[in-house]
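Q: Sharing a structure, written as structure tokens. Questions coming.
Numbering (this note's numbering), first residue to last: 106 to 318.
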């Protein structure tokens, strides 16, 4: 049998090729298939962690600037920093410092945050300044859904129906279910709460809601 194999170079070639192909397949599995599966697993885990972070309990709000005491204190870094800027959009930075006006007007805060003229650095600073700030807004009650964890996510839009892009999320615990059941879609409400984070829209926690009279 060995003599036949040695006398036939084609058979010898294929016999030598089998372990080579097996080795290459194993190498491809190690270098490409397993890392791909690992990356997919990591991405799925990160998405789930982000959702859990957004829906965590009210007594653990996300606050990237815990040392502020109110609008004036939280904006101090912006005022100090703006003195070092020369002529880079002074009106835009001045608008960011009008905390009292922004905190009293949902539309204005949303539009200021979404301003396309802001750099990434300026938007990050804007978010840090307003996370943890208390607000009282009049808004349009758009929808409400009950999540699996028992929290209610309320979608709020601008009281001015011409501003279709303004959108804010308010999170309520189960104690507010009875009140939320009495509110109709497109009804004007007064919402109070604390800005918890910015993602696709500002998110409020520690919220209370009443009908606008």
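Yeah, the Cβ is synthetic: ideal placement off N, Cα and C, and Gly gets one too.
Counting along the chain, where does the beta strand (DSSP E) carrying residue 247 start and finish?
A: 239 to 251
Q: Let's see if you can read the secondary structure: which residues bound the beta strand (DSSP E) around residue 313?
A: Residue 313 -> beta strand (DSSP E) spans 307 to 316.
Q: List the endpoints of the continuous alpha helix (DSSP H) containing residue 225.
A: Counting along the chain, the alpha helix (DSSP H) containing residue 225 begins and ends at 225 to 235.
Q: From residue 262 to residue 279, what does the alpha carbon distance come to, in whole angstroms?
A: 22 Å
Q: Taking only three categories from DSSP, how would you classify residue 217?
A: helix
Q: Roughly how many angstroms lie between the CA atoms of residue 232 and residue 125, to the nearest whole one?
A: 57 Å
Q: Decide yes or no for the touch test of the segment 208 to 228 against the segment 276 to 292: beta carbon pairs closer than 8 Å, at least 3 of them.
A: no
Q: In angstroms, rounded to a whole number, what distance separates the CA positions of residue 208 and residue 298?
A: 11 Å
Q: What span of residues does the alpha helix (DSSP H) with residue 284 cover, start to end?
A: 282 to 286
Q: Below 7 Å CB to CB, which residues in the same chain sit around residue 221 once its five sequence neighbours on both sides are set aside?
A: none
Q: Beta carbon of residue 241, beta carbon of residue 296: below 9 Å?
A: yes
Q: Taking the straight line between their C-alpha atoms, what separation do you get for residue 306 and residue 271?
A: 8 Å
Q: Applying the criterion that 16 or more other CB atoms from any shown protein chain within 10 Å of the CB defines a buried residue, is residue 302 buried or exposed?
A: buried
Q: Expressed to the nearest angstrom, what Euclidean distance is found between the alpha-carbon atoms of residue 308 and residue 287?
A: 22 Å
Q: Quick one: using the 10 Å Cβ neighbour count with 16 as the cut-off for buried, is residue 269 buried or exposed?
A: exposed
Q: Can you grab the Cα-Cα spacing for the pair residue 310 / residue 235, in whole Å?
A: Their Cα atoms are separated by approximately 13 Å.
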